[in-house]
Amino acid sequence: MEAKENYGVVVIGAGWYGLIAATTYLSLEPDANLLILDDGESIGGCWNSERIYPSLFAQVGHGLFEYSSYPMRKEGLTKDRYISGKTISDYLQSFAEKNDLLRRTRLNTTVAKAEKADKKWILTLRSSSKVSQVAAAKLIVATGVTSGAYMPDFQSDGFNKPIIHSSQIGPEMDHFTGPNVQRATVVGAGKSAFDTVFILLHSGKKVDWVIREDGSGPLAIVSPMVAGLLNTVDVMATRAFASFSPAILNTSGWWYSFIHRTAVGNFLTKLVWRNVTRIAEWEAGYHLSANAEKLRPIPKGYGVFWANSGLGLASVPNFWKVFHSGDVTVHRTGIARFADNNKVSLQNGHIIETDHVVLCTGWTHNLDLFDEETRAKYGLPSITGCSEKWQRLDAIGDKIVLEKLPFLRKNAPYTVTPRSQNRSWRLYRQLISPTMAAKGDNSVFFAGQIHTVCGPLVAEVQALWGAAFLQGRLDIPSLEVMEEEVAVWCAWTRRRYLEQGRRHAYSIYDHLAYIDILAKDLGLNTRRKSNFFSEMFMPYRPRDWRGLIREFLEAESNRLNTGNRNLEGLTNEARD
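Oh and the sequence shown: position 72 is 1373 in our numbering, straight run, nothing missing.
Rendered as structure tokens:
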């Protein structure tokens, strides 16, 4: 099939990362022929109108969950300043309208295949029953980390009750909160499982909550407010708090040396995280019942620090009150099978009845559009065996991490194996393929493949970095430098975030250090506050980065002018 449509750039995904990537690219190249593709029915990605529901709230407070140049309205907020799903969905729709993206967007369209041919990306699209192809010189993959639902293949014999993934809660809300469902089964231990259990209990349902005993444990849940005084995510968005997280991108300066390389600093770090975890666990009330105790995150006592199963926020009002007063049973075992007569057989031998099953089983990498050869070539998770070169680089990376951040070795709850694997994301700056970039291929970048707090700000800086790369306006280091950084990052995230770090580019507490690295590459000022106190103790908000495109263009102009003056001087010297 020959592609009938040709574009300068195609963006896959119309969520937080895709929308700002498209807007930023057009800001740098206004005449670009750009197309946005998304399989949803509306703008917004995981926040589109069909996926939201009344009790869905962001885990980031108002003022932190927006783009720098487009403030979000103060509506649909909890008393703690957390934002409703509808407010976010409306915001993203409004942003797309303001920036004239709707006419460039094609919804209800799935990218079934993406392959490189003759210096262009050929995309095979499916829309309803129609199959077509488009070609693009540049590709921005902004599918994010919550677009490909993972559905385990459980044995099912005659089971005729609904089984849905948590991503389908929005469309299915009326059914599973209606009178036909009196008892429901929720499978999983992530944030979506906590939200689903809340919805069901708030609707007066009986809930059986199934969490594997041999997994990474329940999510670490923190309160919306620290000790009822400070907004939790505001605290997480300060440099002062971030400095107590051993981050491989922040290993210079006297404060780093004190905190992470001295016995006193290590003691203070443990003290901070032990108390943060104690506060979270007390407010959750795990001690109140044997049932609640089964939700205590592991490793015990430092669950919030390691985020072994991820980190979540009880952003829904009265979350723990509803849980403790609700009719819920937590089963620490797995599903054996779904049987006839609407029975769920558990691996511990128990059998429970159910009217509805919700699988809160997380997400895939959503990379089916790329074949294995392309995945391996571009540094994407692949089943291809790990090469000897990467085994050597991974060993070097692990050694560097342990030397720079000895806290992670001394306090690890169990032995972390520094094994090489190609299921890791091997992207330079978590955005581009080192191998292909070194060959001069600047045709694609992968936005949003990183788990972090304050996603919109990360999305905005990633968008500028990625657009500059695609347009050849960014200096890229040697292949050796890029590959070593990738190996160090992979080793660090495995050491820092344990099971989450093995699966993802996880960086939940370290977004400021990551943004600083990208900003320095772009020639941007990384210290955006007016004084030292604000720089350390006030939360970094997107508005602090307002004007970053203009600042990049000025830095680029100064760099080019300096280069021209140096070239002119060299020419004159040669004449002399």
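Where is the CB? At the ideal position from N, CA and C, for every residue including glycine.
Taking C-alpha positions only, Phe1834 is separated from Gly1627 by approximately 44 Å. For the pair of segments examined, the region 1470 to 1489 was found not to touch the region 1687 to 1701: the number of CB pairs separated by less than 8 Å stays below three. In the three-state reduction of the DSSP assignment, Arg1540 falls in the helix class. Look at Val1762 here: in three-state DSSP terms it is helix.
A direct Cα-to-Cα measurement between Asn1592 and Val1511 gives close to 12 Å.
Phe1746 is bridged by DSSP to Ile1441. The shortest CA-to-CA distance from Arg1730 to any of Leu1531, Leu1501, Gly1680 is the one to Gly1680.
DSSP, reduced to helix, strand and coil, places Gly1698 within a helical segment of the structure shown. For Ser1646, no alpha helix (DSSP H) segment is defined; the enclosing uninterrupted segment is the beta strand (DSSP E) at 1644 to 1647. In this structure, the CA atom of Pro1472 is about 15 Å from the CA atom of Ala1450. Per the coordinates, the alpha-carbon of Ala1792 lies some 16 Å from the alpha-carbon of Ser1546. Across the structure, Pro1453 and Gly1773 are spaced so that their CA atoms are roughly 42 Å apart. By the neighbour-count criterion, in which a residue is buried when 16 or more other Cβ atoms sit within 10 angstroms of its Cβ, Asp1695 is buried. Trp1726 sits in coil when the DSSP states are folded into three classes, being neither helix nor strand.
With a cutoff of 7 Å on beta-carbon distance, Gly1459 and Gly1749 are scored as not near each other. Here His1651 carries a coil assignment [DSSP, helix/strand/coil]. The region 1530 to 1544 and the region 1838 to 1847 touch, with three or more beta-carbon pairs separated by less than 8 Å. For Ser1467, no alpha helix (DSSP H) segment is defined, and its DSSP state is neither H nor E.
Separation of Ser1725 and Pro1682 (C-alpha to C-alpha, rounded to the nearest whole angstrom) is 5 Å. DSSP, read as helix, strand or coil, puts Gln1360 in strand. When Ser1493, Ile1313, Asp1340 are compared, the shortest CA-CA separation from Val1659 is found for Ser1493. Contact check for Glu1654 and Ile1321: beta-carbon distance about 47 Å, past the 8 Å limit, so the pair fails to qualify. Counting along the chain, the unbroken alpha helix (DSSP H) around Gly1386 starts and ends at 1386 to 1399. If you look at Glu1784, you'll find it isn't in any beta strand (DSSP E); it sits in the alpha helix (DSSP H) that goes 1780 to 1804.
Sorting Ser1646, Lys1622, Val1787 by C-alpha distance to the C-alpha of Ile1701 places Val1787 at the top. Contact fails between the region 1807 to 1814 and the region 1500 to 1519, because fewer than three Cβ pairs, one in each stretch, are under 8 Å apart. Taking the Cα of Pro1707 as reference, the smallest distance to any Cα among Leu1813, Lys1622, Ile1549 is reached at Ile1549.
Bridge pairing for Thr1411: Arg1427 [DSSP]. If only uninterrupted alpha helix (DSSP H) runs of at least 4 residues are considered, those enclosed by the region 1820 to 1852 are 1833 to 1838.
Put simply, the backbone Cα of Pro1480 is about 14 Å away from that of His1503. One alpha carbon belongs to Pro1843, the other to Leu1758, and they sit about 5 Å apart. Apart from sequence neighbours up to five positions away, the residues of its chain that approach Gly1602 with a beta-carbon distance below 7 Å are Arg1575, Thr1578, ordered along the chain. Comparing C-alpha distances from Arg1797 to each of Arg1860, Asn1567, Ala1608 shows the shortest one belongs to Ala1608.
The criterion of a C-beta distance shorter than 7 Å is not satisfied by Val1361 and Val1536.
Here Arg1710 is exposed: its Cβ has fewer than 16 other Cβ atoms, across all protein chains shown, within 10 Å.
In this structure, the CA atom of Phe1671 is about 37 Å from the CA atom of Phe1499.
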